[in-house]
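A short worksheet on the structure shown next.
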Amino acid sequence: MKRPYLVNFTAVDSNDQISIKAAITDSRTPIIEKRKGKKSRAASPIQSIGLIYSDEYRIKIEAMGEGHKVIYKREFDSDRFGVFDIKIPNSIMGEKIKSLQVYEVSYCPGLDILLGTFLPYLIKEPKKIIISDFDKTLVDTRYSTLWELYQSLRRPIHHFPVVQKSLDLFFNYTESQYQPFILSAS
Numbered sequence: 004m005k006r007p008y009l010v011n012f013t014a015v016d017s018n019d020q021i022s023i024k025a026a027i028t029d030s031r032t033p034i035i036e037k038r039k040g041k042k043s044r045a046a047s048p049i050q051s052i053g054l055i056y057s058d059e060y061r062i063k064i065e066a067m068g069e070g071h072k073v074i075y076k077r078e079f080d081s082d083r084f085g086v087f088d089i090k091i092p093n094s095i096m097g098e099k100i101k102s103l104q105v106y107e108v109s110y111c112p113g114l115d116i117l118l119g120t121f122l123p124y125l126i127k128e129p130k131k132i133i134i135s136d137f138d139k140t141l142v143d144t145r146y147s148t149l150w151e152l153y154q155s156l157r158r159p160i161h162h163f164p165v166v167q168k169s170l171d172l173f174f175n176y177t178e179s180q181y182q183p184f185i186l187s188a189s
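Per the numbering used here, the sequence shown starts with residue 4, numbered consecutively.
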């Protein structure tokens with residue numbers, strides 16, 4: 004059965020709200036391995052070009068409180084590329100939201116397709132955040148030619164030399180209760 008699936012889903016609980024960023028596509032936008040003729044998910048950015056397919060979706064978010072009881076339920080429409088940017092309260096009538104269940108409801112009318120259950124990432128007070136480009140923090144990936152760049156994208160991260168100073172600094176911050184956010188094009 005062709006069905007929608009989440010390309011990404013991020014829920015961040017901060018201040019008085021949960022910010023949700025999500026993107027959906029469906030099996031009508033497959034990535035085909037030319038040699039084997041099989042459908043697979045994209046392994047590199049250039050293979051993701053098929054995910055730019057234009058389609059709209061509607062999701063239902065059910066927020067669960069203590070005891071997994073539904074305390075909030077609402078439907079949201081995507082933009083024309085299946086992308087969602089949603090803000091919901093992080094507590095309903097004094098009860099904190101503990102988890103989110105996400106359903107796609109427009110793909111097959113009358114059928115709620117479960118896309119997943121998620122725990123919002125809680126930003127603690129006082130806010131202490133470290134944002135890092137994970138690859139450049141951990142390893143030295145220098146290149147001066149297009150061929151070296153290509154080779155660096157194909158090799159596993161353990162192939163490159165570790166940048167110990169960056170790694171020590173990163174761990175010092177996380178031990179000091181900083182919450183890490185990792186950014187990476189890889």
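Quick reminder that beta carbons are idealized off the backbone N, C-alpha and C, glycines included.
- PHE163 and TYR153 have their C-alpha atoms roughly 14 angstroms apart.
- Closest in C-alpha terms to HIS71, from the list LYS63, GLN182, GLU98 and ILE116, comes GLU98.
- Counted as a single uninterrupted DSSP element, the stretch harbouring LEU114 is not any alpha helix (DSSP H), since DSSP gives it neither H nor E.
- If you draw a straight line from the Cα of LYS76 to the Cα of PHE173, it comes to about 38 angstroms.
- DSSP places LYS131 outside both helix and strand once states are collapsed to three, so it counts as coil.
- If you compare the alpha carbons of ILE126, VAL108 and GLU59 with that of GLU78, the shortest gap goes to VAL108.
- With contacts defined as CB atoms closer than 8 angstroms, LYS131 and GLN180 qualify as a contacting pair.
- The C-beta distance from SER22 to LYS90 rounds to 5 angstroms, short enough to meet the 8 angstroms contact threshold.
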